[in-house]
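These notes concern the structure reproduced below.
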Amino acid sequence: MTDLSTDYAVRLLERLIACRSVTPEAAGVQDLLAHELTELGFAVTRLRFEGDGSYPVDNLFATRGQGGRRLLFAGHTDVVPPGDVANWTADPFVPRHADGKLYGRGAADMKSGIAAFVAACAATPPEAGTIQLAITNDEEADAINGTEKLVAWMAENGHAFDFAIVGEPSSAQTLGDSIKIGRRGSFSGKVTVTGTQGHVAYPDKANNPLPVLAAIVTALSSERLDAGTDHFPASNLEVTTIDVGNPTSNVIPMSGTLRFNIRYNDSWTPDTLADWVRSRIATVPANGTTIAFEVSGIPSRAFLSPLSADIETLSAVIAERNGRPPEYSTGGGTSDARFIAQYGPVVECGLVGPSMHKADEHIAVADLTGLTEIYRRFMQLYFAGAGR
2 MTDLSTDYAV
12 RLLERLIACR
22 SVTPEAAGVQ
32 DLLAHELTEL
42 GFAVTRLRFE
52 GDGSYPVDNL
62 FATRGQGGRR
72 LLFAGHTDVV
82 PPGDVANWTA
92 DPFVPRHADG
102 KLYGRGAADM
112 KSGIAAFVAA
122 CAATPPEAGT
132 IQLAITNDEE
142 ADAINGTEKL
152 VAWMAENGHA
162 FDFAIVGEPS
172 SAQTLGDSIK
182 IGRRGSFSGK
192 VTVTGTQGHV
202 AYPDKANNPL
212 PVLAAIVTAL
222 SSERLDAGTD
232 HFPASNLEVT
242 TIDVGNPTSN
252 VIPMSGTLRF
262 NIRYNDSWTP
272 DTLADWVRSR
282 IATVPANGTT
292 IAFEVSGIPS
302 RAFLSPLSAD
312 IETLSAVIAE
322 RNGRPPEYST
332 GGGTSDARFI
342 AQYGPVVECG
352 LVGPSMHKAD
362 EHIAVADLTG
372 LTEIYRRFMQ
382 LYFAGAGR
């Protein structure tokens, strides 16, 4: 068993960053992780999922230990593209240290979480309990052939868990000041209004769809969805684009479209939101036009993990380190935790993430070693039964 040390998590993170694993290219990152986990006594299963209109994705499942409580750690090895490398101080895939920070694409989101958890596993006796890792290389893009299919495969093959941690950046300002116990859902839609094209000088021979489209924008934006719930803010709808495709000023267009996104709390489902949108559209007179509404993509469901003794244990570990417990948050966008929540309780606990997806992405090395210790201490108490 490898000793827990400052060097362990840092060196592993450096090696993970050096893999150019921009979604969906694994670029050796899962080979590296599989080797590392095998050395630590894990049984590793490689799973490649494809189809459903998306690219093939390499995934990894690893398990160590038998019996006792079962802890799942989940994360992703893929990263977003670096963008214009001229905006980086150095090569984004060559790890660089400066002023106590480690730079590189994926340093914050979220190869650091994986490195910290593997380092914590290295310091945890194999006989402590059952540890599982579910690692995908498709979180930053389609998320179709990744975690959703991976946790479904786990369930089909008898790999249940009692509690799960996703290592996404969850801290706001300082390490451990916040953990996420849920996430809002995301629902996108498109409305198309079709009229009759014509010359602006002869409006009686045309039917302009744009006044109807504008009225629908107002109808969708003017009524509040809800006032929020105990753990979530109010749901909100944002119109993101209105498109006509008409480059001239003397033609009444045939049609126009609007797109919107709703970030919603646990008082809604995709089906009830679709019904709400239809009811709001129905308040607008069509005036001879045709109005069509469709859901865009696959909605992400809202979820909230029940407050439990395991969450209290994690909070106590963080409070022991920081002198105060973390806030329970449901903010931010969606994450792969939404797929895991369908099978068991899950929280997100990771580093501070302001630099993620930016040029010169970085983390504080002290935060990486601090997160490793949080994971290690939590596992010690979790497997001792403190969270039961």
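Okay, so the sequence shown: first residue is 2 according to the working numbering, each after it adds one. We put the CB at the ideal spot given by N, CA and C, even for glycine.
Confirm, please, whether the CB-CB distance from residue j to residue i is below 9 angstroms.
i, j, result
"GLY333", "TYR265", "no"
"GLY168", "ALA117", "yes"
"ASN138", "GLN31", "yes"
"VAL285", "ILE217", "yes"
"LEU352", "SER179", "no"
"VAL252", "VAL201", "yes"
"ILE132", "LEU34", "no"
"ALA63", "LEU38", "yes"
"ALA10", "LEU259", "no"
"ILE292", "VAL366", "no"
"PHE233", "LEU305", "yes"
"VAL81", "ASN146", "no"
"PRO271", "PHE164", "no"
"ILE166", "GLU374", "no"
"ARG71", "GLY130", "yes"
"TYR56", "PRO83", "no"
"ARG21", "PHE43", "no"
Please list the terminal residues of the continuous beta strand (DSSP E) segment that includes residue i.
i, result
"VAL76", "The sequence as given places Gly at residue 76; Val does not occur at that position. Taken as a continuous stretch (DSSP letters only), the beta strand (DSSP E) holding GLY76 covers 71-77."
"GLN133", "131-137"
"ARG281", "Looking at the DSSP string, ARG281 is not in any beta strand (DSSP E); the run it does join, the alpha helix (DSSP H), is 271-282."
"ALA220", "ALA220 -> not in any beta strand (DSSP E); alpha helix (DSSP H) instead, spanning 211-223."
"THR148", "Segment 148-157 is the alpha helix (DSSP H) holding THR148; no beta strand (DSSP E) there."
"TYR329", "328-330"
"SER187", "186-195"
"ARG49", "44-52"
"PRO82", "Note, PRO82: premise wrong, no beta strand (DSSP E); not H, not E."
"THR258", "256-265"
"ARG106", "ARG106 -> no beta strand (DSSP E), and no H or E assigned at all."
"ILE243", "237-244"
"VAL348", "347-349"
"HIS98", "97-99"
"ASP59", "55-65"
Since residue i contacts residue j with CB under 8 angstroms, what's their CB separation in whole angstroms?
i, j, result
"PRO346", "PRO307", "6 angstroms"
"LEU372", "LEU176", "6 angstroms"
"ILE182", "TYR329", "5 angstroms"
"PHE294", "GLY190", "6 angstroms"
"PRO170", "ASP110", "6 angstroms"
"ALA123", "LEU14", "Contact flag wrong, Cβ pair sits at about 13 angstroms."
"VAL278", "LEU315", "The pair is not a contact, with the Cβ atoms about 38 angstroms apart (cut-off 8 angstroms)."
"THR193", "SER256", "6 angstroms"
"SER223", "TRP269", "Rounded, the Cβ-Cβ distance is 18 angstroms, inconsistent with contact."
Buried or exposed for residue i, going by 16 or more other Cβ atoms inside 10 Å?
i, result
"HIS77", "buried"
"GLN343", "exposed"
"HIS363", "buried"
"TYR383", "buried"
"ARG281", "buried"
"TYR95", "Reading the sequence as shown, one finds Val at residue 95 and not Tyr. When all chains shown are included, VAL95 counts as exposed."
"THR335", "buried"
"VAL23", "buried"
"VAL245", "exposed"
"THR273", "exposed"
"PRO355", "exposed"
"ARG325", "exposed"
"THR249", "exposed"
Taking the alpha helix (DSSP H) that residue i falls in, what are its first and last residues?
i, result
"ASN323", "310-323"
"HIS36", "30-40"
"TYR376", "366-384"
"SER113", "112-123"
"ARG339", "338-341"
When the cut-off is 9 angstroms and only beta carbons count, does residue i lie next to chain D?
i, result
"ALA220", "No chain D appears in this structure, which consists of one protein chain only."
- Query: Any chance the region 100-109 sits against the region 45-52, with 3 or more Cβ pairs inside 8 angstroms?
  - Reply: For the pair of segments examined, the region 100-109 was found not to touch the region 45-52: the number of CB pairs separated by less than 8 angstroms stays below three.
- Task: Report yes or no: do three or more beta-carbon pairs, one from the region 304-324 and one from the region 194-214, lie closer than 8 angstroms?
- Result: no
- Could you tell me whether the region 151-159 touches the region 76-90, where touching means 3 or more Cβ pairs closer than 8 angstroms? no
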